[in-house]
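One structure below.
Number of protein chains: 2
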Amino acid sequence: MARGSFREQMLKVREDAIVSSVNRFLAEKGFDLMTVDEVAADVGIAKASLYKHFASKEALASAAMVRVLERACEVIGLQAARLEAGALERLREVTRWVLQMHLAGQMPTLPSQNSTLRAELLGHKRYLELLMQASEQLGAWIVQAQADGAIDRSLPPELVLYTLYARACDPVPLVLKAGGQYRHEEIVEFVLRTCFSGLASRPS
Amino acid sequence: MARGSFREQMLKVREDAIVSSVNRFLAEKGFDLMTVDEVAADVGIAKASLYKHFASKEALASAAMVRVLERACEVIGLQAARLEAGALERLREVTRWVLQMHLAGQMPTLPSQNSTLRAELLGHKRYLELLMQASEQLGAWIVQAQADGAIDRSLPPELVLYTLYARACDPVPLVLKAGGQYRHEEIVEFVLRTCFSGLASRPS
DNA sequence: GTCTATAGCCAGATAGAC
DNA sequence: GTCTATCTGGCTATAGAC
Numbered sequence: 265m266a267r268g269s270f271r272e273q274m275l276k277v278r279e280d281a282i283v284s285s286v287n288r289f290l291a292e293k294g295f296d297l298m299t300v301d302e303v304a305a306d307v308g309i310a311k312a313s314l315y316k317h318f319a320s321k322e323a324l325a326s327a328a329m330v331r332v333l334e335r336a337c338e339v340i341g342l343q344a345a346r347l348e349a350g351a352l353e354r355l356r357e358v359t360r361w362v363l364q365m366h367l368a369g370q371m372p373t374l375p376s377q378n379s380t381l382r383a384e385l386l387g388h389k390r391y392l393e394l395l396m397q398a399s400e401q402l403g404a405w406i407v408q409a410q411a412d413g414a415i416d417r418s419l420p421p422e423l424v425l426y427t428l429y430a431r432a433c434d435p436v437p438l439v440l441k442a443g444g445q446y447r448h449e450e451i452v453e454f455v456l457r458t459c460f461s462g463l464a465s466r467p468s
Numbered sequence: 265m266a267r268g269s270f271r272e273q274m275l276k277v278r279e280d281a282i283v284s285s286v287n288r289f290l291a292e293k294g295f296d297l298m299t300v301d302e303v304a305a306d307v308g309i310a311k312a313s314l315y316k317h318f319a320s321k322e323a324l325a326s327a328a329m330v331r332v333l334e335r336a337c338e339v340i341g342l343q344a345a346r347l348e349a350g351a352l353e354r355l356r357e358v359t360r361w362v363l364q365m366h367l368a369g370q371m372p373t374l375p376s377q378n379s380t381l382r383a384e385l386l387g388h389k390r391y392l393e394l395l396m397q398a399s400e401q402l403g404a405w406i407v408q409a410q411a412d413g414a415i416d417r418s419l420p421p422e423l424v425l426y427t428l429y430a431r432a433c434d435p436v437p438l439v440l441k442a443g444g445q446y447r448h449e450e451i452v453e454f455v456l457r458t459c460f461s462g463l464a465s466r467p468s
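Residue numbers (the numbering used here), protein chains in the order written: chain A, 265 to 468; chain B, 265 to 468.
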C-alpha cells in the first residue's frame with residue numbers, strides 16, 4: 265500500500281493523537297464516564313472536528329480497542345517467534361505484557377455491559393478479526409501447555425483463555441498500585457504468581 | 265430495640281423492596297447505567313416517592329452495598345462458628361458464597377471509579393464499619409492459613425485479601441454462564457480452583 | 001407519602017460560516 | 001476540516017397539589 269500524500273499523513277497523525285487520548289481516558293475512567301468534550305479538549309481541537317474523524321463516541325472507543333488489539337497481536341507474534349520457549353512461558357509473557365499495560369494506565373477497559381458499545385464492536389469487522397486471531401494463537405498454546413502437563417488438564421481451555429483475558433480488567437493490580445507499597449515489577453510478579461500458581465502453597 | 269408501629273414496619277418492607285430492586289439493577293448494569301426512573305418503575309411507585317426514602321441515587325446504591333455487606337458478614341460469622349474447619353476452608357467457603365451471589369445476578373458491582381459514589385461511600389459510617397469488620401476476620405484467616413502452610417507465605421496478606429474480594433467482579437463466571445455450556449456449580453468449582461490452585465498443574 | 005408535572009443540567013451530536 | 005453556537009434528549013432532582 266502506498267504511503268499517501270503529505271496531507272493524508274498529517275491526518276493519520278492527528279487521528280493517532282485522538283486515539284491515544286481516548287485510550288488513556290478509557291483506561292482511566294471507562295467508557296461511560298469519558299466525555300467527548302474532554303477528549304476534544306485533551307487533543308486540543310473542537311468537538312465538532314472530532315466528529316469529522318469519528319462518527320460517534322462508540323466509534324472512538326472502537327478505534328482504541330482495535331489499536332490495543334493490534335498491539336496485543338504484535339506481542340503474540342513476538343512470542344510465536346521465540347522458538348526456544350514453551351507454550352506456558354509464552355502465555356506468561358503475553359500476560360505480563362497485559363499487566364504492564366494495565367499498570368501503566370494504557371489498557372482501555374471494556375465496560376462489562378454497555379449495549380451501544382457492544383453492538384458497535386460486534387459489527388466491527390477488524391475488531392472481531394483481531395480478537396479471533398489472538399484467541400486462536402493463545403488457544404493453541406493453552407492446548408499445547410495442557411499436553412505438556414504444564415497447565416491443569418482438567419480445566420476447559422476456554423476457561424483458561426478467559427482467565428488470562430480477565431487480567432486486563434482485574435482491579436487487584438491498580439489497588440496495589442494505589443497502596444503505593446510495591447513497585448510495578450513486584451505487582452506484576454505477584455499477580456502472575458496468583459494467576460498461574462494460585463493462592464495455595466505448592467506442596468514441597 | 266422495639267419493633268416499631270405497624271406503619272413503620274410497612275415502611276421498612278417498602279424500603280426493602282426498593283433496595284432489592286436497586287441491588288438487581290446494580291448487578292445487571294452497574295451504577296452509571298442504572299436510572300432512578302427504572303428503579304421507580306420496577307418497584308411500582310413514582311420517582312418522587314423514591315426520593316422521600318433516599319436522598320439521592322448515590323444513597324440508593326449505598327443502601328444496596330450496605331445490605332450485601334451485612335449478608336457477607338453473616339456468612340463470615342457462620343464460618344467462624346464452624347470450629348472444625350481450617351482457615352483455608354473458611355476462606356474458600358466465603359469465596360464460594362461470593363461466586364454464587366455473582367452468578368445469581370445478586371452481587372452489586374461497585375466498579376469503575378465513580379467519584380460521587382466513592383465520596384458517598386467513604387462518608388458512610390455503617391458501610392465502612394462493615395467493610396472493616398469483614399476485612400479483619402478474613403485477614404486473620406489469611407494469616408492463619410499462611411501459618412498453617414496452606415496459603416503461600418511469600419504473598420502479602422493484603423494481596424490475598426484483594427484477590428478474594430475481586431471474585432465479586434470477575435467477568436469470568438458471567439462469561440462462562442453466558443456460554444451456557446456449564447452448570448452454575450461447575451463454574452463455581454472451576455473458578456475456585458483457578459483462584460486457589462492457579463492454572464498450572466500441581467506437581468504429582 | 002403519594003402522585004403529576006417540570007425545572008435544571010449535562011453530554012452527544014449537528015448546523016453553518018469560514 | 002476547523003471553528004462557534006446550538007439543538008436534542010435523557011437523567012437527576014424538586015415543586016406543589018392531594
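No residue lacks a Cβ here, since even glycine has one placed at the ideal position from N, Cα and C.
Being a predicted model, the structure only gives us computed values, none of them experimental.
Query	Result
Please classify B:Val277: is it buried, with 16 or more other beta-carbons within 10 angstroms of its beta-carbon, or exposed?	exposed
Between B:Asp306, B:Ala336 and B:Phe295, which has its C-alpha nearest B:Ser320's C-alpha?	B:Phe295
Output yes if chain A places a C-beta closer than 8 angstroms to the C-beta of B:Val484; else output no.	Since the first residue of chain B shown is 265 and the last is 468, residue 484 of chain B is not available in this structure.
Can the beta-carbon of B:Cys337 be found closer than 8 angstroms to that of B:Gln397?	yes
Taking a contact to mean a Cβ-Cβ separation below 8 angstroms, would you say A:Thr380 touches A:Glu334 in this structure?	no
Please classify A:Met274 as buried or exposed, where buried requires at least 16 neighbouring CB atoms within 10 angstroms.	exposed
Along chain A, which residues have their Cβ under 8 angstroms away from the Cβ of B:Ser285?	Within 8 angstroms Cβ-Cβ: nothing; B:Ser285 doesn't reach chain A, min ~18 angstroms.
Am I right that B:Val307 and B:Ala291 are in contact with their C-beta atoms under 8 angstroms? What's the rounded C-beta distance?	Actually they do not touch by this definition, with Cβ atoms about 16 angstroms apart.
Going straight from the alpha carbon of A:Gly387 to that of B:Ala327, what length do you get?	38 angstroms
How big is the Cα-Cα spacing for A:Ala404 and A:Arg346?	15 angstroms
Just to confirm my understanding: we take A:Trp361, look at its own chain, exclude 5 residues before and 5 after, and list those with CB closer than 8 angstroms. What are they?	Ala336 and Val339
Which residue spans inside the region 361-426 of chain B form an unbroken alpha helix (DSSP H) run of at least 4?	379-386 and 389-411
Give the DSSP-derived three-state secondary structure of B:Ala319 in the structure shown.	coil
In the DSSP assignment, find the unbroken alpha helix (DSSP H) run with A:Ser269 in it and report its ends.	Run containing A:Ser269: none; DSSP gives neither H nor E here.
Going by DSSP in three states, B:Ala464 sits in which element: helix, strand or coil?	strand
Of all the residues that make up the region 397-416 of chain B, which are near chain A by a beta-carbon distance shorter than 7 angstroms?	Gly413, Ala414, Ile415 and Asp416
Which one of A:Glu400, A:Cys433 and A:Leu342 has the shortest CA to CA distance from A:Pro375?	A:Cys433
Could you check what DSSP says for A:Thr299 in three-state terms: helix, strand or coil?	coil
Please state the DSSP three-state secondary structure of B:Leu342.	helix
Suppose you measure from the CA of B:Arg390 to the CA of B:Glu384; what does that come to, to the nearest Å?	12 angstroms
Nearest CA to the CA of A:Arg288: which residue from A:Phe270, A:Ala442 and A:Thr373?	A:Thr373
Taking B:Ala430 as the query, report the chain A residues whose CB atoms sit under 7 angstroms from its CB, ordered along the chain.	Asp434, Pro435 and Val436
Nearest CA to the CA of B:Gln427: which residue from A:Ala305, A:His448 and A:Val455?	The displayed chain sequence assigns Thr, not Gln, to residue 427 of chain B. Minimum Cα distance to B:Thr427 is reached at A:Val455.
Return the CA-CA distance between A:Leu402 and A:Leu355, expressed in angstroms with no decimal places.	7 angstroms
Just to confirm before moving on: does the CB-CB distance between B:Ala230 and B:Lys293 stay below 8 angstroms?	Past the boundaries of the shown model lies residue 230 of chain B; chain B is included only from 265 to 468, so the question cannot be answered.
Could you spell out where the alpha helix (DSSP H) holding B:Gly443 opens and where it closes?	Pro435 to Gly443
By the criterion of Cβ-Cβ separation under 9 angstroms, what are the contact partners of B:Pro467 in chain A?	Arg466 and Pro467
Using only the alpha-carbon positions, how far apart do A:Asn378 and B:Met365 sit?	22 angstroms
Give me the Cα-Cα distance between A:Val286 and A:Leu324, rounded to the nearest whole angstrom.	7 angstroms
Looking at chain A, which residues of the region 285-301 of chain B have a Cβ within less than 8 angstroms of any of its Cβ atoms?	Glu292, Lys293, Gly294, Asp296 and Leu297
At the 8 angstroms Cβ level, is A:Thr380 part of the contact set with chain B, yes or no?	no
Residues in the same chain with beta-carbon distance under 8 angstroms from B:Lys441, minus the five sequence neighbours each way, listed in chain order, please.	Leu367, His448 and Ile451
Am I right that A:Val300 and A:Leu394 are in contact with their C-beta atoms under 8 angstroms? What's the rounded C-beta distance?	Incorrect: roughly 25 angstroms between the Cβ atoms, too far for contact.
Roughly how many angstroms lie between the CA atoms of A:Ala430 and A:Val436, to the nearest whole one?	11 angstroms
Just how far apart, CA to CA, sit B:Leu425 and B:Arg417?	13 angstroms
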